[in-house]
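Enquirer: Take any residue in the sequence shown, note its place counting from 1, add 5, and you have its number in our numbering. For reference, the structure I am asking about is given below.
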Amino acid sequence: MRKKLYRTLTALLFAALVVCAVVIIRNTLDSRAGEQSYEMAAQVAGLASPPASRPSGSTGGAGGAEESNGPAETEEDHLAALAGVNLAALREVNPEVVGWLDIPGTNISYPLLQGENNDYYLKHTWEGESSSAGSIFMECTNPPDFSNFNTILYGHKLRSGAMFAGLRRYEEEGYWKEHPSVYVVDDGGLRRYDVFAAHAVGVQEIVYRLDLGTPERQEEFIAFCLDRSVIDTGVTPEAGDKILTLSTCTGNGYSKRWVVQAVLREDAPLP
């Protein structure tokens, strides 16, 4: 009886180990496929460069590669390259590309997508391939030209450090000082948004509301965000400004999200 029980338990343990191994291998392959997809996106966009040439403080390109020895480009060079992102080439692959998002000195540098709903790009890359990495995508009800008072961008927080995982580091004021601005390239050119808040927020809170057409509601939104921010940047938006909300998971369930918010400060392409 004991031998039979022992054999049964051994078989179950072995089966569990096999299942775990399969899941790990599948997730690893899926993650690598996602990295390759975004490495290709950078090449198509005309941003292809070895990790060593990323601006100081980088953790790699879109795929999250580590830095290596070699000449480093300046942030000015990096922004000049961003201003020349080839959106037309990206749209030949996927017409739902609305722009490119970049935070200099980090591995956040990705094409921006916008689908008919907010579900598709949670599980598909920018090429439309099924992947747990998903994409960085715009709220489906936002105008694609960033003209709303509040434009929301979503992305996963991956264990590999890819996608929006790095946003959590904005809870450190020192990190914000090193990476104070978010850049967006779209058909209107290169825009700079300065970070003004970083905090955890409920999914039903005003941060995710888009019906903020009056100055009073916009001021309420700004006050809410500044009051809850864990960092003090000294940047204070005003009603009528254009806000960018970068949203990812907190790792503590689905009722709250971690957001980093920035306000438009410069909308002219750099030379």
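Cβ atoms here follow ideal geometry from the backbone N, Cα and C, with glycine treated the same way. Remember, predicted model here, so these are calculated numbers, not experimental data.
Quick test of the definition: if touching needs 3 or more C-beta pairs under 8 Å, does the segment 211 to 228 touch the segment 142 to 162?
Expert: The segment 211 to 228 vs the segment 142 to 162: in contact.
Enquirer: Exposed or buried, which one is N112 when buried takes at least 16 other CB atoms within 10 Å?
Expert: Start at 1 with the first residue of the sequence shown, and residue 112 comes out as number 107. Label assigned to N112: buried.
Enquirer: Would you decide whether T146 is buried or exposed? Buried here means 16 or more other CB atoms lie within 10 Å of its CB.
Expert: Taking the sequence shown and counting its residues from 1, one reaches residue 146 at position 141. Exposed: under 16 other Cβ atoms inside 10 Å.
Enquirer: Between the Cα of G193 and the Cα atoms of L215, Y125, R173 and A88, which residue gives the shortest distance?
Expert: The count along the sequence shown starts at 1 and reaches residue 193 at position 188. G193 has its Cα closest to that of A88, out of L215, Y125, R173 and A88.
Enquirer: Please classify G218 as buried or exposed, where buried requires at least 16 other C-beta atoms within 10 Å of its C-beta.
Expert: Position 213 of the sequence shown, counted from the first residue, corresponds to residue 218. It is exposed - the Cβ of G218 has fewer than 16 other Cβ atoms within 10 Å.
Enquirer: Can you tell me whether DSSP reads D232 as helix, strand or coil?
Expert: Against the sequence shown, residue 232 aligns to sequence position 227. Three-state DSSP puts D232 in a helix.
Enquirer: What residue range does the alpha helix (DSSP H) around V98 cover?
Expert: On the sequence shown, residue 98 is found 93 positions in, with the first residue counted as 1. V98 -> alpha helix (DSSP H) spans L92 to V98.
Enquirer: Give the straight-line distance between the Cα atoms of R197 and Y188, rounded to the nearest whole angstrom.
Expert: The count along the sequence shown starts at 1 and reaches residue 197 at position 192. The count along the sequence shown starts at 1 and reaches residue 188 at position 183. So the two alpha carbons sit approximately 5 Å from each other.
Enquirer: Under 8 Å by Cβ, that's how I've got E101 and L118 pegged, so tell me the actual separation to the nearest angstrom.
Expert: Walking along the sequence shown from the start, residue 101 turns up at place 96. Walking along the sequence shown from the start, residue 118 turns up at place 113. Right, the Cβ-Cβ distance comes to about 5 Å (below 8 Å), so this counts as a contact.
Enquirer: Give the DSSP bridge partners of Y188, in chain order.
Expert: Within the sequence shown, the letter at position 183 stands for residue 188. Per DSSP, D107 and R197.
Enquirer: Roughly how many angstroms lie between the CA atoms of I248 and A267, to the nearest whole one?
Expert: Position 243 of the sequence shown holds residue 248. Position 262 of the sequence shown holds residue 267. The straight-line gap from Cα to Cα measures roughly 6 Å.
Enquirer: Helix, strand or coil for A20, going by three-state DSSP, please let me know.
Expert: Here residue 20 is taken as the residue at index 15 of the sequence shown, counted from 1. For A20, the predicted structure reports a pLDDT of 48, less than 50, and the residue's modelled location is therefore unreliable. A value from the coordinates is still provided. If DSSP states are grouped into helix, strand and coil, A20 belongs with the helices.
Enquirer: With the cut-off set at 9 Å, would you say Y175 and V200 are in Cβ contact?
Expert: The count along the sequence shown starts at 1 and reaches residue 175 at position 170. The count along the sequence shown starts at 1 and reaches residue 200 at position 195. Result yes, Cβ atoms of Y175 and V200 sit closer than 9 Å.
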